[in-house]
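Read the structure below first, then the notes.
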Amino acid sequence: MSTDILKLAKQYSLYSGCILFTFGFIGNILNILVFTQLRLFRDNRTAFYLTVESINNFIYQFQTISVTILTLTYGDDATERALGWCKFRYMLSQILVLTSYYTLCLIAIDQFFSTNHQFRLRQMCTIKLARYITFISICIWIAHGILSGCFYDIQGSLGCVISNPTWQQYISSFS
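In the working numbering, the protein residues as written are 2 to 176.
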């Protein structure tokens with residue numbers, strides 16, 4: 002009985018992962034095409050932020066769902082055996098998730114300044130500033146992700162885990 006439930010859960014995860022991957026792929030590609038190809042959105046700061054987020058989500062989705070599907074299909078994702086893959090997988094995931102969240106924050110901040118009653122604050126928001134801030138934030142999250150990747154290690158039966166107790170506490174508090 003329990004093996005049937007596990008088999009059903011595995012099949013459900015596999016098929017729902019494939020469906021999510023397909024719809025996410027189509028949605029992100031459409032977002033990228035609309036925000037980059039239509040003249041209406043070319044110099045729009047919000048469209049720029051949404052394009053960055055769509056590209057980021059596309060890469061994150063491809064990385065996580067493809068690994069999940071491969072794990073469900075073959076039963077192993079090699080993080081317990083390959084230290085480089087262990088570090089890279091979690092490092093890339095952290096970079097992409099933090100960049101995506103921070104891009105949403107940048108959209109909200111940009112909208113606040115764009116609709117502010119003070120002309121000086123409205124005038125300060127430009128596409129050049131949006132690109133600069135986005136570049137700086139991506140660099141910060143890449144540095145943060147690389148630092149995080151340094152603390153992952155393969156430990157026996159636990160697999161790929163954070164080996165530094167201080168970094169474990171930091172991640173559990175801020176992630």
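For each residue, glycine too, the CB sits at the ideal point set by N, CA and C.
Item                                                                                                                                                                     : Value
Look up Gln156 in the DSSP assignment and give the residues it is bridged to.                                                                                            : Gly160
With three or more beta-carbon pairs closer than 8 Å as the criterion, would you say the region 69-77 touches the region 107-127?                                        : no
Can Ser164 and Gln170 be called in contact, C-beta distance under 8 Å?                                                                                                   : no
Kindly confirm or deny that the region 110-117 and the region 28-38 touch, where touching means at least three C-beta pairs closer than 8 Å.                             : no
Give the DSSP-derived three-state secondary structure of Glu54 in the structure shown.                                                                                   : helix
So for Ala83, helix, strand or coil by DSSP?                                                                                                                             : coil
Tell me the residue span of the alpha helix (DSSP H) that contains Gln124.                                                                                               : 120-125
Evaluate Tyr102 with the Cβ neighbour count: other Cβ atoms within 10 Å of its Cβ, from every protein chain shown; 16 or more gives buried, anything less gives exposed. : exposed
Please state whether the Cβ-Cβ distance between Gln64 and Ser17 is less than 8 Å.                                                                                        : no
Look at the alpha carbon of Phe136 and the alpha carbon of Ser3, and state the distance between them as a whole number of angstroms.                                     : 50 Å
With distances taken from CA atoms, which of Asn57, Leu7, Phe36, Lys11 is nearest Thr47?                                                                                 : Phe36
When the distance is taken between beta carbons, is Lys88 closer than 8 Å to Gly160?                                                                                     : no
Checking 8 Å against the spacing of the C-beta atoms, do Thr104 and Val53 come in under that value?                                                                      : yes
May I ask which residues mark the beginning and end of the alpha helix (DSSP H) holding Asp5?                                                                            : 3-38
Tell me which residue opens and which closes the alpha helix (DSSP H) that Phe136 is part of.                                                                            : 128-151
Please return the same chain residues whose Cβ sits closer than 7 Å to the Cβ of Leu56, not counting the five positions on each side in sequence.                        : The question names Leu, but residue 56 in the sequence shown is Ile. Excluding sequence neighbours, Ile56 sits near Ile33.
State the DSSP-derived secondary structure class of Asp111, mapped to helix, strand or coil.                                                                             : helix
Where does Arg43 sit, in a helix, a strand or coil, going by DSSP?                                                                                                       : coil
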